[in-house]
Amino acid sequence: MSRMSHAIYFNRKQKYLCALDVDGEFYKYEKTRDKFTCIFCGVKVQFSRGKEHNDPHFKNWPLTSHKSNCVVPIIESQKEKYENVGEIELLVSTILPRAKRLDSNQTNLSVNRSKKAKVFAGKRSRKFIYSLINLLDNKNYFKLKPEFEELQLLIEDGSTIKLKELIGSQDEIIERIEQSQEKRAICILRGNTRSAQIIKNNIKIPLTKGNNPMYKNTQDFSLFIRWDYAEKNKEFIKSIENSLIVCYGEATTNEFGTQIEVYSIKNQITVLKKYK
């Protein structure tokens, strides 16, 4: 039975609802539970809170299948290739945002930032990033294990991306940005952090650099927390300093360098190894 992280509500095609958000305000949707549809093929889907009310998602409406050309059941069928890997189900049911939608020329900077915060700072992001840990090889610099490299994830426009193309070190992420028409990239960054710097009430956490291109960390890269998100994140700063981390977000290059803007350390970043 196909599972999805997002659905359309009342045919509002420009607004995708996350299952975690529906679960958090279930009372708002309880009487209109038949108004959710698949974002790709438009068939009716059903919201479920999970067996123990701890796994919200959208699934097939009873006796209703996705259309034959829908990408959702095709992508989800990948989990059949793996045994006893619960993380795969969450990964293949997560629908990734398009970078272009998150930075619309028709809206101002604060609206764009608020939109991105909802995408990356929510509980779904935390579950998504935590589901990756068991797929990384702790004996090989926490790189993605070879058997999971070809796993494909859905993007909200119906295209797909291989997991190995989503995860990368700073040089790899910068290369993707340069190749992108939007000059930005949705990614999972793997890198080593240094101590945080305070710059005009903003928080910048640089990544370490090296001279050996083999490690793909020869270029400047940082995590950036804007002043209006600094207060809610400051208690977690020490926990991610001087660490090997993975961070889920949107990487961009601007006048301040290449960076991922962090809205929620708790939900966007996982520490793989602490050095101090």
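Under this note's numbering, think of the first position of the sequence shown as 3, with each following residue one higher. Positions of the beta carbon are idealized from the N, C-alpha and C atoms, including for glycine.
Val273: member of the beta strand (DSSP E) spanning 271-276, first to last residue.
Selection Lys218, Ile207, Gly251 evaluated against Ile239 yields Ile207 as nearest (Cα-Cα).
Scanning its chain for C-beta atoms nearer than 6 Å, with the 5 sequence neighbours on each side dropped, one finds around Val264 the residues Leu225, Ile227, Gln270, in chain order. For secondary structure counted as the beta strand (DSSP E) over 3 or more consecutive residues, the segment 25-64 holds these complete runs in sequence order: 47-50, 59-62. With contacts defined as CB atoms closer than 7 Å, Lys164 and Leu146 fail to qualify as a contacting pair. Taking a cut-off of 8 Å on C-beta distances, the segment 47-56 does not touch the segment 125-132, as fewer than three cross pairs fall below it. Counting only residues of its own chain and dropping the five nearest sequence neighbours on each side, Lys185 has a CB closer than 8 Å to the CB of Ile179, Thr254, Thr255. Ranking Gly251, Lys236, Thr260 by CA distance to the CA of Arg115 puts Gly251 first. CA-CA distance, Lys234 to Ser266, rounds to 8 Å.
Residue environment: Tyr231 is assigned as buried (16 or more neighbouring CB atoms within 10 Å of its CB, all protein chains considered). Secondary structure of Gly88 (DSSP, three-state): helix. With a cutoff of 7 Å on beta-carbon distance, Glu78 and Ser4 are scored as near each other.
Taking a 10 Å sphere around the C-beta of Gln172, we find 16 or more other C-beta atoms and assign the residue as buried. In this chain, the beta strand (DSSP E) harbouring Phe226 covers 224-227. For Lys278, the CB contacts under 6 Å within the same chain, skipping 5 residues up- and downstream, are Asn244 in chain order. Beta bridge pairing from DSSP links Tyr18 with Ile10. The continuous alpha helix (DSSP H) containing Leu168 extends over residues 165-168. About 7 Å separates the beta carbons of Ala9 and Cys40, which is inside the 8 Å limit, making them a contact pair.
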